[in-house]
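Novice:
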Amino acid sequence: MQHAMPTASPDFDFGRPPFDLLTDGQRTALAGALDIALYPRDAVLLSREEPTDAMFVVLRGTVQERRGGEVAAVHGPGDRFGLQALYGAAGAGAGGSTARRFVAAEECACHLIPRPALEVLAAENPEFGAAIIGDFAQRMRDLAALRSNREMAALTMARIRQAYLHPPLFVDAAASLRDAAEAMRQNRASSVLVRGVDGAVGILTGTDLRDLVVLDSRPVSEPVGPLARYGLLTLDRDDLLFNALVLMTKHAVRRVVVTENGAIVGLLGQSDLLAVLSNHSQVIGLQVEHATDPADLRRASRSIVELIRTLHATGVKVSFIADLVTELNRRIFRKLFELLAPPDLLANSCLIVMGSEGRGEQLLKTDQDNGLILRDGFDCPALPRFAADFTRHLVEFGYPPCPGNIMVSNPDWTRPLAGYKDALFNWVHRPDEAAQMNLAIFYDAAPVAGDATLLAEAKDYLLSRLQDNQMFFTQFARPALSFDTPSGLFAALFERRRAEAVDIKKAGIFPIVHGVRALALEKHRAETNTVERIQVLAELGALDRKMAADLVEAFTILSTIRLKARVDLPDDGPEGEGAELAIDNLVHPDRLGKLDRDQFKDCLALVKSFKELIAHHFRLNH
Amino acid sequence: MAHSDHIDADRREHVAVHCEATSFDPESARPLTFAAIRIRGPRILTGSALLLYPGSDTGMAEAGDLLHAFIGGRPLVGYYLDFSVAMAERLTGRPLPEERTEVSSLYYDRKIRSLSKQAVDLRLDSLVHDLDLPVRPDGAFGIALTAAMAWLRLTQDGR
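Heads up: the sequence lines are chains H and U, in that order.
Position one of the first sequence corresponds to residue 1 (this note's numbering), numbered consecutively onward.
Position one of the second sequence corresponds to residue 1001 (this note's numbering), numbered consecutively onward.
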């Protein structure tokens, strides 16, 4: 017994897109469903931990969207947020450590559109629905760009295959509108596909039926053939779900037709798509998980390159790409290990990755740096054969063999824990150049499969052997200075020798990685990622905060430029399945845009001063 | 009945009520419109508010029952609340024992701390203006909403 509610004054601004798409009746309905909330300054409107049941539209005041300590976005009157919280994953189990929170920057008032009201409107008004969904897509792209949101990014690689497809429901062109409606009812479908006389396939939706019969007063006996809409929007079953989302948004439709080898296999509805996108924890690497032999893995592995290109092209941040590639590569390694290794080997060893792979910083497929730690006393006769197979398969997958032969197939890197301890002892106490290098990459090791405690024990041993031995650290840190970093006169250098390529790895990235590694080792830290090491060093006071922040930024920029230099290269010739993006470390300053060039210059200057800091700290100049 | 699903009152919820009547004399006035809006945390549930026109579309007693169910034991908030409550009690024929918070007296307490000599202007329009509330206090619904907003502002600030 309820009267039509008066518009919840203050008035909702229907002039703002996408609300301007609503009809008068829909506006009234929406106005009646709105709640209003008031927040004092600093109140938390929405946080990752608290799922919401409404979309927020700011009425007055300013809302800050914070990630960790940073303000990621500011929402003013008319701006809306909360859709991600509505349809995205709940916080539980997500990998992001930095929480996303919406906080009132001043006294705020918001309209809240409850989810049911939003969904009714989206269903009634497809154009509005598409705009809201489009919003959501944009939002996900934004989120994908954030390191903290590894989960969301998995979406960008979900395939249509992973979504529920409605089986196609065909009627002949001669069937009547009533037949079509009857078929829809019997099959609980919201549309039918119409086989046209000339072999073309068209679609007739429930909305079409309503419009034709109720509004246009067509007789229900009329044949559907001429009334269906032809020129279907189709996507292949192996297309990205994201493309389906984009297509639906662009054409303001709620379903696309899915084909496989050219034949129609089903319909993908907007709600099914959202269902997959909202429940995607398992999406990442699904192909890897389901692999039953190395050939499946090979396919998954090859598609990573394309993924990287796509992510990069859509402007996703490089640190995020590194996270994702690290995750995928490790899953591939783990799965391959599980496929090839006999069960007792699986239980009595630990597969480790080292170097950039261990730090989680490889952007493309870099050289293999892997090894195997066996439990002491465990003997596996099949080991040599397994090791050779493992390395051979990875090479096939496109991970080049390690030039230094740091691979499972090398017996020096496949040995019992005691053997590793002996090696570590030697590396620490009888340092030569190779020992330094081995130590450095081993310190970066991360467990991938098997018993991770084996690696932990080896690392504990390493740290226990390190006394506060100044000589050792001086030796260890020295390589940070071994390559020249052009700077200072750099501007002039640019002018005169523009075409001169700079090895970005030697001049910029390696000095940061190694200098930071030396500082971290000195503090006996267990982190392996360079950025994490920098952050923890800053917390310990071993690096001043300004330097730490600058280093992180420079490291990110240099990595981005390095990736860009490679990805942007024109494809040479037809790309076979095996087309690879090998990392090229040469950066041609004259090919950089002005912005990049300026940043590059600043970064190198910072690397230079970091090297001075390292030289001073470890007394490398004495 | 859309609103009787909340039988057990959530203690954190309040209800803002307002009644428009034929006069301001509780003895002789006849209630025309009742508006009741729940408040949950910072959120004013305008989307599920109750609006009654007793005597025109519902009988007096029926309106009283609806209102009673809607309030469901939640503390009341309002502007010149005593009058609205008196009207409500007339409708229901039962007393409304719920705790009451009079927004104008909250406001008075706030102002008297800073304004020592001037009289406090308790008119609703002045209150809306002074608290900078995004609302037009029109009709029973508008006034109940205004009371809800003012109550939130005054209690949130005092945290």
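Just so you know, even glycine gets a beta-carbon here, dropped at the ideal spot from N, CA and C.
Predicted model, so just to flag it, every value in this text is computed and none were measured.
1. What are the partner residues of A1016/U, as DSSP defines its beta bridges?
2. Using a beta-carbon distance below 8 angstroms, is L1124/U in contact with chain H?
3. Exposed or buried, what is T292/H when buried is set at 16 or more other beta-carbons lying within 10 Å of its beta-carbon?
4. With a threshold of 8 angstroms between beta carbons, is L118/H in contact with chain U?
5. Using three-state DSSP, classify C108/H as helix, strand or coil.
6. Assuming N529/H and R562/H are in contact, meaning their beta carbons sit under 8 angstroms apart, how far apart are those beta carbons, in whole angstroms?
7. Is it a yes or a no for the region 1068-1079 of chain U touching the region 51-69 of chain H, going by three-plus beta-carbon pairs under 8 angstroms?
8. Rounded C-beta distance between R159/H and D239/H? I'm assuming under 8 angstroms.
9. Within 8 angstroms (strictly less), CB to CB, does P645/H reach chain U?
10. Do we get a CB-CB distance below 8 angstroms when we pair M1149/U with the residues of chain H?
11. Please return the same chain residues whose Cβ sits closer than 7 angstroms to the Cβ of F618/H, not counting the five positions on each side in sequence.
12. Beta-carbon separation of F483/H and K506/H under 8 angstroms?
13. Between P342/H and the rest of its own chain, which residues show a CB-CB distance below 8 angstroms, the 5 nearest in sequence each way excluded?
14. Let me see if you follow: with CB-CB separation under 8 angstroms, is D211/H close to chain U or not?
15. Which stretch, first to last residue, makes up the alpha helix (DSSP H) that contains L46/H?
16. For a test of the three-state rule: what should DSSP assign to N243/H, helix, strand or coil?
17. Considering only the alpha carbon of each residue, which of S176/H, V587/H, G202/H lies closest to R218/H?
18. Using the beta-carbon of each residue, which ones in chain H are nearer than 8 angstroms to R1043/U?
19. What does a CB cutoff of less than 8 angstroms around R16/H pick up in its chain, not counting 5 residues either side in sequence?
20. What whole-angstrom Cβ distance do P401/H and L339/H have, given they're in contact under 8 angstroms?
21. Looking only at its chain, what residues have a beta carbon closer than 8 angstroms to the beta carbon of R1153/U, apart from the 5 residues adjacent to it on each side?
22. Residues of the region 1057-1084 of chain U with a CB closer than 8 angstroms to any CB of chain H: list them in chain order, please.
23. Could you give the DSSP three-state label for D172/H: helix, strand or coil?
24. Near V516/H, what residues of its chain come up, given a Cβ to Cβ distance below 8 angstroms and the 5 sequence neighbours on each side ignored?
25. Going along chain H in order, which residues have a C-beta closer than 9 angstroms to the C-beta of R1153/U?
26. Is the beta carbon of R1110/U sitting closer than 8 angstroms to the one on L1081/U?
27. Leaving out five residues on either side along the sequence, give the residues of the same chain with a beta carbon under 7 angstroms from the beta carbon of A181/H.
28. Given 8 angstroms as the limit, is there contact between the region 23-42 of chain H and the region 106-113 of chain H, that is, 3 or more CB pairs closer than that?
29. Once the 5 residues before and after L1173/U are set aside, which same chain residues still bring their CB inside 6 angstroms of it?
30. Measure from the alpha carbon of A252/H to the alpha carbon of each residue in L193/H, I132/H, N370/H, then state which is nearest.
31. Give a yes or no on whether the minimum CB-CB distance between R27/H and chain U is below 8 angstroms.
32. Note down, in chain order, every chain H residue with its Cβ under 9 angstroms from the Cβ of T1101/U.
33. Whole angstroms are fine: how far does the CA of E522/H sit from the CA of D369/H?
34. For V253/H, which three-state DSSP category applies?
35. Using a threshold of 8 angstroms, state whether the C-beta atoms of P114/H and A54/H are closer than that.
36. What three-state label does DSSP hand M471/H in the structure shown?
Specialist: So, from the data block:
1. I1037/U, V1077/U
2. no
3. exposed
4. no
5. strand
6. Their Cβ separation, rounded to whole angstroms, is 17 angstroms, which puts N529/H and R562/H out of contact at 8 angstroms.
7. no
8. 7 angstroms
9. One cannot answer for residue 645/H here, as it falls past the ends of chain H, which runs 1 to 622.
10. yes
11. F473, T474, A477, A518
12. yes
13. C380, A382, F386
14. no
15. Careful: L46/H lies outside any alpha helix (DSSP H), inside the beta strand (DSSP E) at 44-47.
16. helix
17. S176/H
18. D35, I36, A37, L112
19. G78
20. Going by Cβ atoms, the distance from P401/H to L339/H rounds to 20 angstroms, so no, they are not a contact pair.
21. L1131, L1133
22. D1057, T1058, E1062, L1066
23. strand
24. T530, R533, I534, L537, L551
25. L38, P40, E107
26. no
27. L209
28. yes
29. Residue 1173/U cannot be examined here, being either before or after the span of chain U that is shown, 1001 to 1159.
30. I132/H
31. no
32. By Cβ distance, chain H contributes nothing, its closest Cβ being about 16 angstroms from T1101/U, past 9 angstroms.
33. 23 angstroms
34. coil
35. yes
36. helix
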